[in-house]
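Asks: Quick one: this structure, given as structure tokens, is what I'll be asking you about.
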Amino acid sequence: MARLLITGGAGFIGSHTCLVLLEAGHELVVLDNYANSSPEALRRVVELAGPGAEGRLQVIEGDIRRSADLERAFAEGASTEAELDAVIHFAGLKAVGESVAQPLRYWDVNVSGSQHLLAAMAAHGCRTLVFSSSATLYGYPETVPIPESAPIQPINPYGYTKAAVEQMLRDVAASEPGWRIASLRYFNPVGAHPSGRIGEDPNGVPNNLFPFISQVAVGRREQVQVFGGDWPTRDGSGVRDYIHVMDLAEGHLAALKALLSGGDQLLQLNLGSGQGHSVLEVIAAFAQACGRTIPYEVVARRPGDAATTVADATAAAKTLGWRTQRDLASICRDGWCWQSNNPQGYPKLS
Ligand code: NAD
Ligand code: WQD
Numbered sequence: 117m118a119r120l121l122i123t124g125g126a127g128f129i130g131s132h133t134c135l136v137l138l139e140a141g142h143e144l145v146v147l148d149n150y151a152n153s154s155p156e157a158l159r160r161v162v163e164l165a166g167p168g169a170e171g172r173l174q175v176i177e178g179d180i181r182r183s184a185d186l187e188r189a190f191a192e193g194a195s196t197e198a199e200l201d202a203v204i205h206f207a208g209l210k211a212v213g214e215s216v217a218q219p220l221r222y223w224d225v226n227v228s229g230s231q232h233l234l235a236a237m238a239a240h241g242c243r244t245l246v247f248s249s250s251a252t253l254y255g256y257p258e259t260v261p262i263p264e265s266a267p268i269q270p271i272n273p274y275g276y277t278k279a280a281v282e283q284m285l286r287d288v289a290a291s292e293p294g295w296r297i298a299s300l301r302y303f304n305p306v307g308a309h310p311s312g313r314i315g316e317d318p319n320g321v322p323n324n325l326f327p328f329i330s331q332v333a334v335g336r337r338e339q340v341q342v343f344g345g346d347w348p349t350r351d352g353s354g355v356r357d358y359i360h361v362m363d364l365a366e367g368h369l370a371a372l373k374a375l376l377s378g379g380d381q382l383l384q385l386n387l388g389s390g391q392g393h394s395v396l397e398v399i400a401a402f403a404q405a406c407g408r409t410i411p412y413e414v415v416a417r418r419p420g421d422a423a424t425t426v427a428d429a430t431a432a433a434k435t436l437g438w439r440t441q442r443d444l445a446s447i448c449r450d451g452w453c454w455q456s457n458n459p460q461g462y463p464k465l466s
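Residue numbers in the sequence shown follow the working numbering, run continuously in steps of one, and reach 466 at the last position.
Listed below in structure tokens is the structure:
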């Protein structure tokens, strides 16, 4: 059992990971300001984790940029004998278009927020960190499947903030012994817990394909726009590496185990399935899962998109002993279970 601080633990990936961590017996303190999430997600996580879980999840509403909130979280997580064992750092902003319109907000939350967190960790002698990085770092990839050695060449402010935090982590790891850090570069996290109780609940119009398709399926939106039918791919639509959020959550557990069982480490690993699916294939798989037609039209390409991004997932398999277990059909089945049971997402607090 480890005592862990989970920043952004109420969010999409954080909530699923909290569940997996509770099921593995860990004690958690979540720090989240609910900028893009609902307290209801963590209530449901506790319910899913079953008897005894409630006492192992403390929630602090607060901001990673505020030292006082971080101090509360570290105090809450410490036992009488020891500080927190590790931090999993999900908190951040993630919308590419918004990052172009509001770059300073992205640098503030993602980069300055991470800097404050690292300072608090150092002050408390907690030097084990799992960080939510992103395949967005690779920009327009030159080699597919993309290995971790591919050049870091972001193409938008969001990507630059992730690249900056990864660099900060390399600098910190090199500055003194004792740091154990994993930057996990997620590909396209989608799907939901199979219970349909927790899932992705974007604010406003979804930017990403999967929640958009789900909302069309449930009748909240009319049709999917397929961004480009003339990509150099097998059917002309864009190809991505979609990873079930439960596989991703288990990847965090594997990374944590690897860090906590070893000496100084700096891991930079892709978390993906290694398989690519086109937009049209995802639409067809979702239609199959929900038993409904998903109307779509092919429109112009979206600026900033690449034709194909697929992970070379071999390093994570070798280093963590982790690989994805769930296929596109399971992703769509579980995503539909969440969307059909929660057509408007989590209940909104008035
Ligand atoms: P999310 O928005 O659902 O979760 C992020 C959480 O952080 C939310 O609960 C939000 O309220 C919280 N948060 C935001 N700013 C905060 C602050 N200043 N202080 C405290 N909490 C704050 O997003 P997600 O999809 O769960 O992503 C989690 C992490 O993974 C992010 O860092 C994101 O950049 C990264 N990531 C996500 C994807 C993806 O496609 N979902 C892909 C690659 C990387
Ligand atoms: C997937 C495919 C689109 C919407 C983004 C971020 C990345 C990472 C994951 C955080 C592409 C097509 C999409 C739609 C469509 N997030 N599409 N119609 O762009 O691969 O990655 O999320 O780190 O940084 O950039 O994901 O879901 O937006 O797009 O045709 O309405 O679906 O062109 O081929 P993307 P996505």
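Note that the Cβ used here is the ideal one computed from N, Cα and C, for glycine as well.
Given the structure is predicted, the values throughout are model-derived calculations rather than measurements.
1) Considering only their Cβ atoms, is the gap separating E192 from V136 smaller than 8 angstroms?
2) Quick check on P155: does DSSP put it in helix, strand or coil?
3) Tell me the DSSP secondary structure of F343 in three-state form.
4) Closer than 8 angstroms by C-beta to K464: which residues in its own chain qualify, once you throw out the five before and the five after it? Chain order, please.
5) In the structure shown, what three-state DSSP assignment does I176 receive?
6) Does DSSP put R160 in a helix, a strand or coil?
7) What do you reckon, is the C-beta of G354 under 7 angstroms from a heavy atom of ligand 2?
8) Ligand 1 and T349: does the residue's C-beta get closer than 7 angstroms to at least one heavy atom of that ligand?
9) Under 8 angstroms between the Cβ atoms of D287 and A207?
10) Take every Cβ of the region 252-269, pair it with every Cβ of the region 406-415, and state whether three or more of those distances are shorter than 8 angstroms.
11) Between E197 and R119, what straight-line distance do the alpha-carbon atoms span, to the nearest angstrom?
12) How about Q341 and V415: do their beta carbons lie closer than 8 angstroms?
13) To the nearest angstrom, how far is it from the Cα of L376 to the Cα of T435?
14) Per the DSSP calculation, V306 is bridged to which residue(s)?
15) When you compare the CB positions of T424 and G392, do they come within less than 8 angstroms of one another, or not?
16) Go ahead and pull the three-state DSSP assignment for L209.
17) Report, in whole angstroms, the separation of the C-beta atoms of N323 and T277, which I expect to be a contact under 8 angstroms.
18) Would S389 pass as an interface residue toward chain B - the criterion being a Cβ-Cβ separation below 8 angstroms?
19) Mapping the DSSP letters down to three states, classify E139 as helix, strand or coil.
20) My output table needs one value for S265: the three-state DSSP class, helix, strand or coil.
21) Would you give the residue range spanned by the beta strand (DSSP E) that A122 belongs to?
22) Assuming L457 is part of the alpha helix (DSSP H), what are its boundary residues?
23) Nearest-angstrom Cα distance between W452 and A405?
24) DSSP three-state call for E366: helix, strand or coil?
25) Under the criterion of a Cβ to heavy atom distance below 7 angstroms, does G127 qualify as lining ligand 1?
26) Mapping DSSP to helix, strand and coil, what is L200?
27) Hey, is L220 close to ligand 2, as in C-beta under 7 angstroms from one of its heavy atoms?
28) Can you grab the Cα-Cα spacing for the pair G378 / H132, in whole Å?
29) Do the region 280-299 and the region 359-366 touch if we need at least three Cβ pairs shorter than 8 angstroms?
30) With DSSP as the reference, label H240 as helix, strand or coil.
31) In angstroms with no decimal places, state the Cα-to-Cα distance between D443 and F128.
32) Helix, strand or coil for Y222, going by three-state DSSP, please let me know.
33) Between F326 and ligand 2, is there a pair consisting of the residue's CB and a ligand heavy atom that are separated by less than 7 angstroms?
34) If you follow the beta strand (DSSP E) that Y412 is part of, which residue opens it and which one closes it?
35) Does any heavy atom of ligand 2 sit closer than 7 angstroms to the C-beta of V332?
36) Could you tell me which residues DSSP pairs with T424 in its beta bridges?
Replies: Taking the definition as stated:
1) Against a cut-off of 8 angstroms, the Cβ pair of E192 and V136 comes out as no contact.
2) In this structure, P155 counts as helix in the three-state DSSP scheme.
3) Looking at F343 - three-state DSSP - the assignment turns out to be strand.
4) Excluding sequence neighbours, K464 sits near S154.
5) Correct three-state label for I176: strand.
6) For R160, the secondary structure class from DSSP, reduced to helix, strand or coil, is helix.
7) Yes, the beta carbon of G354 sits closer than 7 angstroms to at least one heavy atom of ligand 2.
8) Here the distance from the Cβ of T349 to the nearest heavy atom of ligand 1 is not below 7 angstroms.
9) It is not a contact, given that the beta carbons lie outside the stated cut-off.
10) Contact between the region 252-269 and the region 406-415 is absent, because fewer than three Cβ pairs lie under 8 angstroms.
11) Linking E197 to R119 through their CA atoms gives a straight-line distance of about 12 angstroms.
12) Against a cut-off of 8 angstroms, the Cβ pair of V415 and Q341 comes out as a contact.
13) Near 14 angstroms, if we compare the C-alpha coordinates of T435 and L376.
14) Here V306 is bridged, per DSSP, to H360.
15) Contact flag set, yes.
16) In the displayed model, L209 falls within coil according to three-state DSSP, outside both helix and strand.
17) Contact doesn't hold; Cβ gap of about 16 angstroms is too wide.
18) Here there is only one protein chain, and chain B is not present.
19) Three-state DSSP puts E139 in a helix.
20) DSSP places S265 in coil when its eight states are reduced to three.
21) This sequence places Ile at residue 122; Ala is not what is there. Looking at the DSSP string, the run of the beta strand (DSSP E) that includes I122 is R119 to T123.
22) Sequence check: residue 457 is Asn here, not Leu. For N457, the enclosing alpha helix (DSSP H) begins and ends at L444 to N457.
23) Rounded to whole angstroms, W452 to A405 spans 7 angstroms at the Cα level.
24) If DSSP states are grouped into helix, strand and coil, E366 belongs with the helices.
25) Yes - ligand 1 has a heavy atom lying nearer than 7 angstroms to the Cβ of G127.
26) Coil at L200, not helix or strand.
27) Checking the Cβ of L220 against ligand 2 gives no.
28) So the alpha carbons of these two residues sit roughly 25 angstroms apart.
29) Judged by Cβ distances under 8 angstroms, the region 280-299 makes no contact with the region 359-366, as fewer than three pairs qualify.
30) The three-state reading of DSSP puts H240 in coil, since its state is none of H, G, I, E or B.
31) Approximately 19 angstroms, taken between the alpha carbons.
32) Y222 falls in the helix class under three-state DSSP.
33) F326 Cβ: within cutoff of ligand 2.
34) Unbroken beta strand (DSSP E) run through Y412: Y412 to V415.
35) In this structure, ligand 2 has no non-hydrogen atom nearer than 7 angstroms to the beta-carbon of V332.
36) Answer by DSSP bridge pairing, in chain order: V355.
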